[in-house]
Amino acid sequence: MGDVAVGARSGHDGEEHRGRPAGSAVPAADSAVTSGSDSGAAEDDRVTGEHTTADDQGPGGTTRAPKKPRSFWKELPILIGIALVLALLIKTFLVQAFSIPSDSMQNTLQQGDRVLVDKLTPWFGSEPERGEVVVFHDPGNWLRGEPTPDPNALQTFLSWIGLMPSVEEKDLIKRVIGVGGDTVECKGTGPLKVNGKALNEPYVFPGNTPCSNDDQGGQFKVKVPQGYIWVMGDHRQNSRDSRYNQGEKYHGMVPVKEVVGRAIVKAWPIDRWGTLPVPDTFDQNGLNP
């Protein structure tokens with residue numbers, strides 16, 4: 024694994040040492056090492072009166088057997104174990120990959136895209152903000168009737184350690200529209216308003232209207248409680264989001280504690296790589312209540 028420091032041999036064979044009684048030993052070098060070469064002698068030779076033992080020789084000048092390097096195949100399981108532990112720690116505390124299973128976030132995200140989700144900042148108290156794309160656990164049967172993925176054992180294991188996108192069927196991905204204290208409303212076909220301010224939404228799927236003109240949840244005015252968020256898909260006419268779950272446990276709201284993290288990067292396929300920034304419309308003046 025690392026470079027081995029080789030001790031330099033002190034003294035010169037056959038050299039006559041003055042003032043030393045016959046039969047006295049050649050002094051040992053004082054912990055001298057060479058950098059990448061064992062051909063030169065140590066510069067600082069000190070007389071200690073001790074018997075000389077070179078690094079490559081045993082007592083009495085016998086040759087010491089060199090240490091045999093550990094076999095690669097013996098080290099491989101250790102390396103794999105370390106890699107798995109690191110991958111699990113990264114997935115648990117830093118970042119996790121998720122696969123997009125539907126078209127509800129088009130065209131921002133396409134079905135089959137892989138995104139990387141930041142899981143670190145929530146550990147430091149960061150909460151979702153307006154305009155962010157977030158992954159969250161199903162807060163109350165939003166996914167009823169959806170087909171259940173059936174991954175094999177290998178896919179499940181690789182997903183568990185974070186080397187493959189999550190196959191957890193109980194996670195959703197939407198855009199945060201309102202946070203605790205906000206009033207979110209939509210009438211007719213739009214625009215969507217937050218605290219009375221109209222949003223300019225270029226991310227909405229082409230041909231869609233910001234609001235859906237129906238009596239199933241497309242028309243609404245809600246106040247978001249503290250500790251919750253209101254989320255909507257970018258494909259407004261093809262997204263079962265907060266609007267259409269107002270009859271569920273949290274009345275369409277998503278508890279902040281159920282948020283896994285913010286999607287920050289489209290990582291795959293490579294030709295769709297890109298970041299997921301907060302749109303400028305959420306930075307307009309007067310948006311805060």
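Residue numbers (our numbering): 24 to 312. We put the beta carbon where it would ideally sit given N, CA and C, even for glycine.
Across the structure, Asn218 and Gln119 are spaced so that their CA atoms are roughly 33 Å apart. Ranked by Cα distance from Val288, the options Val158, Pro278, Met255 are led by Val158. Between the C-alpha atoms of Arg285 and Val140 there is a straight-line separation of about 5 Å. Val199 and Arg153 do touch by the CB rule: their CB atoms are close to 6 Å apart, below 8 Å. Inclusion of Gly256 and Asp264 in the CB contact set at 8 Å is warranted, their separation being smaller than that value.
Taking a 10 Å sphere around the C-beta of Gly250, we find fewer than 16 other C-beta atoms and assign the residue as exposed.
For the 8 Å CB-CB criterion, Lys193 and Asp161 form a contact. Residues of the same chain with a CB within less than 7 Å of the CB of Val202, apart from the 5 flanking positions on each side, are Pro151, Glu152, Arg153, Val247, Ile252 in chain order.
Of the other Cβ atoms in all chains shown, 16 or more fall within 10 Å of the Cβ of Trp165; this residue is therefore buried. DSSP links Thr298 through a beta bridge to Val288.
Between Asn261 and Asp126, the gap from beta carbon to beta carbon is short of 8 Å.
As DSSP reads the structure, Val199 sits in a beta bridge with Val254. In the DSSP annotation of this structure, Cys234 is not part of any beta strand (DSSP E), being labelled neither H nor E. Residues Glu152, Arg153, Gly154, Glu155 of the same chain have their beta carbon placed closer than 8 Å to that of Val301, with the five preceding and five following residues left out of the count. If you keep only unbroken alpha helix (DSSP H) runs of at least 4 residues inside the region 104 to 151, you get nothing at all. Between Leu117 and Leu99, the C-beta spacing is not below 8 Å.
Only residues of its own chain outside the window of five on either side were considered, and among them Asn218, Lys246 have a CB closer than 6 Å to the CB of Thr206, listed in chain order. Just so you know, the alpha carbons of Gln307 and Pro225 end up roughly 15 Å apart.
Between His258 and Gln129, the C-beta gap is smaller than 8 Å, which places the two residues in contact. Between Pro145 and Val277, the gap from beta carbon to beta carbon reaches 8 Å or more. In terms of Cα proximity to Arg295, the closest of Val138, Pro92, Pro312 is Val138.
Assigned with DSSP and collapsed to three states, Thr206 falls in strand. Taken through DSSP and simplified to helix, strand or coil, Phe159 comes out as strand. The residues Gly241, Arg259, Gln260, in chain order, have a CB closer than 7 Å to that of Ser235 in the same chain once the five nearest residues on each side in sequence are set aside. Looking from the CA of Thr232, the closest CA among Asp303, Gly204, Leu299, Cys209 belongs to Cys209. Within 10 angstroms of the beta-carbon of Leu222 lie 16 or more other beta-carbons, which makes it buried.
With a contact defined as Cβ atoms closer than 8 Å, Gln239 and Tyr273 miss out at about 18 Å.
When DSSP states are grouped into helix, strand and coil, Phe95 belongs to the helix group.
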